[in-house]
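Start counting the sequence shown at 9; every next residue gets the next number (this note's numbering). Just so you know, even glycine gets a beta-carbon here, dropped at the ideal spot from N, CA and C. Taking it in order: structure first as structure tokens, then the write-up.
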Amino acid sequence: MAVRYADFKDVDITSFDVLVVGSGFAGSVIAREMAERGEKRVLIIEKRSHIGGNMYDSYDDAGILIHNYGPHIFHTNDKRAFDYVCRFTEWRDYQHEVLSNWYGTYMPVPFNKNSMRIVFGPEKAQKYIEKLIDTFGDERKVTINELRSQDDADLAEIADFVYKNVFLYYTQKQWGLTPEEVDPSVTARVPVFISEDNRYFQDAYQGMPAHGYTPLFENMLDHENITVCLDTEAESVFELVFESRAEDAPLQSIRVKDVDFTNPIIYTGPLDELFLSRFGRLPYRSLDFDFETLEQEVYQPCGTVNYTVTEDFTRITEFKYLTGQQSPRTTIMREYSKVYEDPMTQTPYYAIINDENNAHYQRYKSLTDHLPNFYALGRLAEYRYYNMDVIIGRALALADELLK
Numbered sequence: 009m010a011v012r013y014a015d016f017k018d019v020d021i022t023s024f025d026v027l028v029v030g031s032g033f034a035g036s037v038i039a040r041e042m043a044e045r046g047e048k049r050v051l052i053i054e055k056r057s058h059i060g061g062n063m064y065d066s067y068d069d070a071g072i073l074i075h076n077y078g079p080h081i082f083h084t085n086d087k088r089a090f091d092y093v094c095r096f097t098e099w100r101d102y103q104h105e106v107l108s109n110w111y112g113t114y115m116p117v118p119f120n121k122n123s124m125r126i127v128f129g130p131e132k133a134q135k136y137i138e139k140l141i142d143t144f145g146d147e148r149k150v151t152i153n154e155l156r157s158q159d160d161a162d163l164a165e166i167a168d169f170v171y172k173n174v175f176l177y178y179t180q181k182q183w184g185l186t187p188e189e190v191d192p193s194v195t196a197r198v199p200v201f202i203s204e205d206n207r208y209f210q211d212a213y214q215g216m217p218a219h220g221y222t223p224l225f226e227n228m229l230d231h232e233n234i235t236v237c238l239d240t241e242a243e244s245v246f247e248l249v250f251e252s253r254a255e256d257a258p259l260q261s262i263r264v265k266d267v268d269f270t271n272p273i274i275y276t277g278p279l280d281e282l283f284l285s286r287f288g289r290l291p292y293r294s295l296d297f298d299f300e301t302l303e304q305e306v307y308q309p310c311g312t313v314n315y316t317v318t319e320d321f322t323r324i325t326e327f328k329y330l331t332g333q334q335s336p337r338t339t340i341m342r343e344y345s346k347v348y349e350d351p352m353t354q355t356p357y358y359a360i361i362n363d364e365n366n367a368h369y370q371r372y373k374s375l376t377d378h379l380p381n382f383y384a385l386g387r388l389a390e391y392r393y394y395n396m397d398v399i400i401g402r403a404l405a406l407a408d409e410l411l412k
């Protein structure tokens, strides 16, 4: 068996019980649940020419399995989410480690006890480590803001170093903002870890799909009740019917192929683009990727190296560490963060979360609040910074709600 693809022009929309926009984790999980557990006929429309969303991976000309839209490492403490994806793939045990290139010296990220010894030397580092443990406890993650708020000269020195050499320039490159302008939920993702554990994640379940993410999605969408239409944009096939001509008038219905589609519509794309940016474009950060294949077995000491004080790119990923492939050649990817300006040529990756942008998003969301069969789901549709496991959990929870 295989994924059932169709051309949208040949689809009879009245034969489907559920319409899903997007085939990343949000769309694929909800589609599988509605098709399998709910025995519903599900149509997925996907604007790209492939399934899997940003998790899509493929083999490059050198035979290296690359992540086309940036590295994705699965990690979670949510057993339900992990058990769910285990249905569709075997897993390769992979514990992700990240190093910071600090003027040519490598140190672990998050900044931890081992990083401190590299920066301050063993004697001074031990003094600082003991003070950190006395203040916060051992094996704790402390945000840069927590550390900077302490009235202690030694902790201030640690905070100052981390702020200037790990956090400041990298944040400016990644977000195009000063650290003070970045939402605390984002800054909390760059902690100081009072530990000797060099892993980037400490979650109970970690790993990589043994054969890649694309086969995982192919298995998930391989169901007789699921049909997928590629190269199909929602805004080109949806006719939005509003309650009035007022700019903020809510949706009354969504018509597809001249039919009011009253069954569930699960939308996982950018909400502003569905409404053709009538209130202006929601701010996102996009990414450019520079892939390079090298005639050497390895390029760097681990899968990801962050450039926190030099270079105009944010990080380099070497995919063979992630996939476990053996090859005399290797492929690396430099990652550049950019302003999201053109939906025709760019991909929105990260919502820029702050009060103003949240209010901007809510203006779009209010257009859908009166439409009982419309559900916004996922990073883009909800304008949130979710990890993969959270999206899977939210999709399962929505399926529970729709099928209870």
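DSSP-derived helix/strand/coil call for HIS75: Assigned with DSSP and collapsed to three states, HIS75 falls in strand.
Inter-residue spacing [alpha-carbon to alpha-carbon] between PHE246 and SER252: Taking the straight line joining both Cα atoms gives about 17 Å.
C-alpha gap between ALA167 and GLU189, whole angstroms: Taking the straight line from one Cα to the other gives about 18 Å.
For GLU247, the first and last residue of its enclosing beta strand (DSSP E): First-last of the beta strand (DSSP E) with GLU247: 246-250.
Sufficient close CB pairs (3 or more, under 8 Å) joining the segment 236-250 to the segment 267-283: Counting Cβ pairs under 8 Å, three or more are found: they touch.
8 Å Cβ cutoff met for ILE400 and VAL150: No; because the gap between Cβ atoms is not below 8 Å, this pair is not in contact.
Residue range of the alpha helix (DSSP H) that includes TYR275: It is not in any alpha helix (DSSP H) - TYR275 instead sits in the beta strand (DSSP E) that spans 273-275.
contact_flag[the segment 15-32, the segment 49-56] where n(CB pairs < 8 Å) is 3 or more: Yes, since at least three Cβ pairs between the segment 15-32 and the segment 49-56 fall closer than 8 Å, the two stretches touch.
CA-to-CA distance, ALA384 to TYR393, given in whole angstroms: C-alpha of TYR393 to C-alpha of ALA384: approximately 14 Å in a straight line.
Whole runs of the alpha helix (DSSP H) within the segment 274-311, excluding any shorter than 4 residues: Residue ranges of uninterrupted alpha helix (DSSP H) with 4 or more members, entirely inside the segment 274-311 and ordered along the chain, are 279-282.
Beta carbon of LEU107 nearer than 8 Å to that of PRO309: In contact: LEU107 and PRO309 (Cβ atoms closer than 8 Å).
SER36 classed as buried or exposed, judged by whether at least 16 other C-beta atoms fall within 10 angstroms: Answer is buried; the Cβ neighbour count reaches 16.
Inter-residue spacing [alpha-carbon to alpha-carbon] between GLU226 and ILE59: Taking the Cα positions, GLU226 is about 8 Å away from ILE59.
Start and end residues, alpha helix (DSSP H) containing MET396: Start and end: 396-411.
ASP358, DSSP secondary structure in three states: At residue 358 the sequence reads Tyr, which differs from the Asp that was named. DSSP places TYR358 in strand when its eight states are reduced to three.
Reference TYR315; option with closest CA among LYS172, PHE327, ARG293, MET216: When C-alpha distances from TYR315 are compared across LYS172, PHE327, ARG293, MET216, the shortest belongs to LYS172.
The segment 199-215 touching the segment 98-107, judged by at least three CB pairs closer than 8 Å: Below 8 Å, enough C-beta pairs join the segment 199-215 and the segment 98-107 to call them touching: three or more.
Identity of the residues DSSP links to HIS83 by a beta bridge: Secondary-structure assignment with DSSP links HIS83 through a beta bridge to GLN214.
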